[in-house]
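Engineer: Let me begin by handing over the structure; questions about it come next.
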Amino acid sequence: MTSTAFIVLMYFNGSIYVEDNYSDKFISSNTAWVTITNTMTLSQLKQAILKEFNCPTLDDYEVDLRYRLPIFISGDITHYRSCMMCGDDDVESIFYMGMTKACHLPIQPQPQMEGSMFVCVYDDGEIASDAQTSVYFASAKTIMIRIHRGFGLSKLIRIIMDKANRDPRDGVPLIYFKFPTKVCGQHVTYTTTQIQDDDDLDGAFDMIQATPTVTSIELCTTYNSGTRPSENISLTHFDAHPPHRNTEPQQELFDLNTTYLGDW
Numbered sequence: 001m002t003s004t005a006f007i008v009l010m011y012f013n014g015s016i017y018v019e020d021n022y023s024d025k026f027i028s029s030n031t032a033w034v035t036i037t038n039t040m041t042l043s044q045l046k047q048a049i050l051k052e053f054n055c056p057t058l059d060d061y062e063v064d065l066r067y068r069l070p071i072f073i074s075g076d077i078t079h080y081r082s083c084m085m086c087g088d089d090d091v092e093s094i095f096y097m098g099m100t101k102a103c104h105l106p107i108q109p110q111p112q113m114e115g116s117m118f119v120c121v122y123d124d125g126e127i128a129s130d131a132q133t134s135v136y137f138a139s140a141k142t143i144m145i146r147i148h149r150g151f152g153l154s155k156l157i158r159i160i161m162d163k164a165n166r167d168p169r170d171g172v173p174l175i176y177f178k179f180p181t182k183v184c185g186q187h188v189t190y191t192t193t194q195i196q197d198d199d200d201l202d203g204a205f206d207m208i209q210a211t212p213t214v215t216s217i218e219l220c221t222t223y224n225s226g227t228r229p230s231e232n233i234s235l236t237h238f239d240a241h242p243p244h245r246n247t248e249p250q251q252e253l254f255d256l257n258t259t260y261l262g263d264w
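Read left to right, the sequence shown gives residues 1 to 264 (UniProt numbering).
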């Protein structure tokens with residue numbers, strides 16, 4: 001693979017806020033531009049970040065690296081979800097997504113990458129509803145993966161459980177797919193359905209590719225082991241008080257002592 005450099009904006013020791021329509025926003029008083037390459041491993045990327053912010057070694061910091069993945073783009077409206085970076089393939093994925101933005105294509109559909117699609121997974125999440133979006137996913141842990149047509153449900157489950165560090169005793173997750181059914185101004189209404197086999201997964205892939213305004217797939221996993229207490233979902237995106245439309249957020253939904261990766 002040819003190594004190509006790209007500059008990204010890092011939010012160090014930052015916070016995640018939720019704007020209108022549950023779009024995630026990174027905020028930090030300490031930001032810097034960091035040069036990365038598409039051949040970097042996740043560990044090398046973390047080392048580059050810590051070096052930029054004058055942090056001695058990885059031993060001094062537990063770096064939780066996140067990327068703001070665009071989910072929905074329509075005109076001047078872009079909705080984002082914060083995803084944890086769990087593996088080396090995530091570095092290549094965000095690099096590719098960043099390159100599309102560097103080409104000044106923020107309003108265009110996500111370009112094809114060998115038939116691939118970005119996926120935001122709400123691991124061990126909850127499916128809830130409100131008057132604004134009809135259906136939304138919530139989870140204390142979101143991860144990003146990349147799939148392609150013909151990926152297969154069993155392979156998807158294995159990758160999710162691996163990246164989420166799931167114990168096999170948690171059981172096989174049920175997977176739900178969220179897709180838009182109505183767009184009115186800045187408001188998007190969603191519905192959800194369960195993915196039960198390979199055909200359902202391919203159907204979700206087809207639906208997203210046929211909808212120019214949707215740039216990534218959103219999935220939610222739930223586990224039926226009966227061992228998960230409800231209080232596990234305590235740092236969700238949506239269980240606090242979202243700000244009013246067209247205003248800066250006044251209340252912090254959760255503040256993590258971590259490092260975040262911005263996408264421009």
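Cβ coordinates follow ideal geometry from the N, Cα and C atoms, glycine included.
No experiment lies behind these values; they were computed from the predicted model shown.
Going by C-alpha to C-alpha distance, which of Gly-150, Gly-14, Ile-208 sits closest to Thr-181?
Structural biologist: Considering only alpha carbons, the answer is Ile-208.
Engineer: Just tell me which of Gly-152, Ile-143, Cys-184, Thr-192 has its CA closest to the CA of Asn-165.
Structural biologist: Closest option to Asn-165, Cα to Cα, is Ile-143.
Engineer: Among residues of its own chain, excluding the 5 on either side of Ile-16, which ones have a beta-carbon nearer than 6 Å to its beta-carbon?
Structural biologist: The answer, listed in chain order, is Asp-24, Ser-82.
Engineer: In whole angstroms, give me the CA-to-CA distance for Val-188 and Val-135.
Structural biologist: One C-alpha to the other measures close to 10 Å.
Engineer: Grab me the residues of Ile-157's own chain with a C-beta within less than 8 Å of its C-beta, minus the 5 sequence neighbours each way, in chain order.
Structural biologist: Contacts found: Val-172, Pro-173, Ile-175.
Engineer: Using the C-alpha atoms, what's the distance from Thr-192 back to Lys-178?
Structural biologist: Rounded to whole angstroms, Lys-178 to Thr-192 spans 4 Å at the Cα level.
Engineer: Do you know offhand how far His-148's Cα is from Gln-44's?
Structural biologist: Whole-angstrom Cα-Cα distance: 26 Å.
Engineer: Out of Pro-168, Thr-213, Ile-77, point me to the one whose CA is closest to Tyr-223's CA.
Structural biologist: Ranking the options by Cα distance to Tyr-223, first place goes to Pro-168.
Engineer: Please classify Ile-217: is it buried, with 16 or more other beta-carbons within 10 angstroms of its beta-carbon, or exposed?
Structural biologist: Looking at its Cβ environment, which holds 16 or more other Cβ atoms inside 10 Å, Ile-217 is buried.
Engineer: Considering only residues of the region 157 to 200, which uninterrupted beta strand (DSSP E) runs meet the minimum length of 3 residues and lie entirely inside it, listed in chain order?
Structural biologist: Complete beta strand (DSSP E) runs here, min 3: 174 to 184, 187 to 195.
Engineer: Between the beta-carbon of Leu-219 and the beta-carbon of Val-121, is there less than 7 Å?
Structural biologist: Result yes, Cβ atoms of Leu-219 and Val-121 sit closer than 7 Å.
Engineer: Rounded to the nearest angstrom, what separates Val-18 and Asp-124 at their Cα positions?
Structural biologist: Taking the straight line from one Cα to the other gives about 20 Å.
Engineer: Just to confirm, are Ala-128 and Ala-138 a CB contact at a threshold of 7 Å?
Structural biologist: Yes, the pair counts as a contact, with Cβ atoms nearer than the cut-off.
Engineer: According to DSSP, simplified to helix, strand and coil, what is Gly-14?
Structural biologist: DSSP places Gly-14 in strand when its eight states are reduced to three.
Engineer: If we ignore side chains and look at the alpha-carbon of each, how far apart do Arg-146 and Trp-33 end up?
Structural biologist: Going by the C-alpha atoms only, they are around 25 Å apart.
Engineer: With a CB to CB cut of under 6 Å and the five nearest residues on each side skipped, what residues in its chain are close to residue 287?
Structural biologist: Shown here, the chain extends from 1 to 264; a query on residue 287 therefore has no answer.
Engineer: What is the DSSP secondary structure of Gln-44, counted as helix, strand or coil?
Structural biologist: Three-state result, Gln-44: helix.
Engineer: Relative to the alpha-carbon of Phe-151, which residue among Thr-133, Phe-118, Gln-132 has its alpha-carbon at the smallest distance?
Structural biologist: When each option's Cα is compared against that of Phe-151, the closest is Phe-118.
Engineer: State buried or exposed for Lys-163, treating a residue as buried only when at least 16 other CB atoms are found within 10 Å of its CB.
Structural biologist: Answer is buried; the Cβ neighbour count reaches 16.
Engineer: Could you have a look at Ala-5 and say whether DSSP puts it in helix, strand or coil?
Structural biologist: Reduced to three states, the DSSP call for Ala-5 is strand.
Engineer: For Thr-35 and Lys-51, what's the separation of their Cα atoms in angstroms?
Structural biologist: Near 11 Å, if we compare the C-alpha coordinates of Lys-51 and Thr-35.
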